[in-house]
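Below: the structure, in C-alpha cells.
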Amino acid sequence: EAAVTQSPRNKVAVTGGKVTLSCNQTNNHNNMYWYRQDTGHGLRLIHYSYGAGSTEKGDIPDGYKASRPSQENFSLILELATPSQTSVYFCASGDAWGQDTQYFGPGTRLLVL
Amino acid sequence: GEQVEQLPSILRVQEGSSASINCTYENSASNYFPWYKQEPGENPKLIIDIRSNMERKQTQGLIVLLDKKAKRFSLHITDTQPGDSAMYFCAASAYGQGKLIFGQGTKLSIKP
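Line by line, the protein sequences are chains F and V. So the number in the working numbering is just where the residue sits in the first sequence, counting from 1, plus 6. So the number in the working numbering is just where the residue sits in the second sequence, counting from 1, plus 1332.
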C-alpha cells in the first residue's frame, strides 16, 4: 500500500503565528494535494502540485501557501494563522492527473487559538 | 461550474438492507468518478471508482451507477453490515484537470 506520512499529527498554534504542515510520500507519485476537512464541507482542495517545483491553487487557497521542494515532500504554510483555519488537514498523493487512486496521509489536527 | 452535490448528508439503514448515496456533477467534461470511505479517526480510502466509458460497476457488495446524460452517479451498498458505518465521499474529475472535486459527504449508520 502506498505510504503518505504527515507531521505534526496534532498542532496548537496562536493567532498570527506561522504554521508549517509537512507531508512525505514514498510512492514516487507526481501529484500531491492538500485538503482540509470540516463538518458539512467534506474535503476541500487548498493547493496541489504536479511535481517538484510546481504548486497550483486549489479551490480555497486564500491564507495558505504551498511548497514542493522534491518529489517526496509537499508542505502547507500558514503565514498568519487565524482561528478559521482550525481544521483537520489531509495530504494525498496520486498519479494520472487526478484520474486514479489518491492515497491519503493520516491527517493533521490543527487548532488555532 | 465544478461543484459536486452529494445527498443525503445523513443516512441510517437497518443491518442487512441496502443503502444508496447519490451525487450530481456540473462539469460535463468529468470522466472519472471515485468513491472514498472514511472510518472515524481515519483517512479516506478509495473503495470503488467508475469511468465514463461504463454505466455500471460492481465489486464486493458495492455497485456504482453512472448516468452521463443526467450528470448523476450513485453508490449502492447491498446487505449492509456494521462495518459499513462510516463517512462516504463521492468525487469527480475531468481529464487534464489534475484534481478531484469532492462531494460534501454522507454519514452512514447501520442499525443492528
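We treat Cβ as the ideally placed atom computed from N, Cα and C, and that holds for glycine. These numbers come from a predicted model, not from an experiment.
Cα-Cα separation, residue i to residue j
{"i": "W103 of chain F", "j": "K1431 of chain V", "result": "7 Å"}
{"i": "K1439 of chain V", "j": "D44 of chain F", "result": "13 Å"}
{"i": "S99 of chain F", "j": "E62 of chain F", "result": "14 Å"}
{"i": "E1387 of chain V", "j": "L1398 of chain V", "result": "5 Å"}
8 Å Cβ cut-off: residues of chain F touching residue i
{"i": "N1359 of chain V", "result": "Correct list: empty, because the minimum Cβ distance to chain F is about 13 Å."}
{"i": "Q1392 of chain V", "result": "Here the premise fails: no neighbours, minimum Cβ distance about 16 Å."}
DSSP state of residue i mapped onto helix, strand, coil
{"i": "Q12 of chain F", "result": "strand"}
{"i": "G100 of chain F", "result": "strand"}
{"i": "D65 of chain F", "result": "coil"}
{"i": "G111 of chain F", "result": "coil"}
{"i": "P89 of chain F", "result": "helix"}
{"i": "P1366 of chain V", "result": "strand"}
{"i": "G1373 of chain V", "result": "coil"}
{"i": "G1393 of chain V", "result": "coil"}
{"i": "G1430 of chain V", "result": "coil"}
Pick from the options that is closest to residue i, judged by C-alpha positions
{"i": "L1407 of chain V", "options": "V:G1348, V:E1334 and V:P1366", "result": "V:P1366"}
{"i": "R1404 of chain V", "options": "V:I1342, V:N1363 and V:A1351", "result": "V:N1363"}
Listed by chain order, chain V residues near residue i by CB distance under 7 Å
{"i": "T107 of chain F", "result": "L1378"}
Interface partners of residue i on chain V, CB under 8 Å
{"i": "Y95 of chain F", "result": "Within 8 Å Cβ-Cβ: nothing; Y95 of chain F doesn't reach chain V, min ~11 Å."}
Contact set between residue i and chain F, taken where Cβ atoms lie within less than 9 Å
{"i": "S1362 of chain V", "result": "What S1362 of chain V touches in chain F: nothing, since even the nearest Cβ is about 10 Å away."}
Report task. Count the C-beta pairs between the region 1360-1380 of chain V and the region 1413-1431 of chain V that are closer than 8 Å, then say yes if the count reaches three, no if not. Result -> Yes: at least three Cβ pairs fall under 8 Å.
Query - the region 108-119 of chain F in contact with the region 10-26 of chain F per 3-pair CB rule at 8 Å - result: Contact holds: three or more Cβ-Cβ distances are below 8 Å.
Query - Inter-stretch contact at 8 Å, needing at least 3 Cβ pairs: the region 1338-1350 of chain V / the region 71-80 of chain F - result: The answer is no - the region 71-80 of chain F does not touch the region 1338-1350 of chain V, with fewer than three Cβ pairs under 8 Å.
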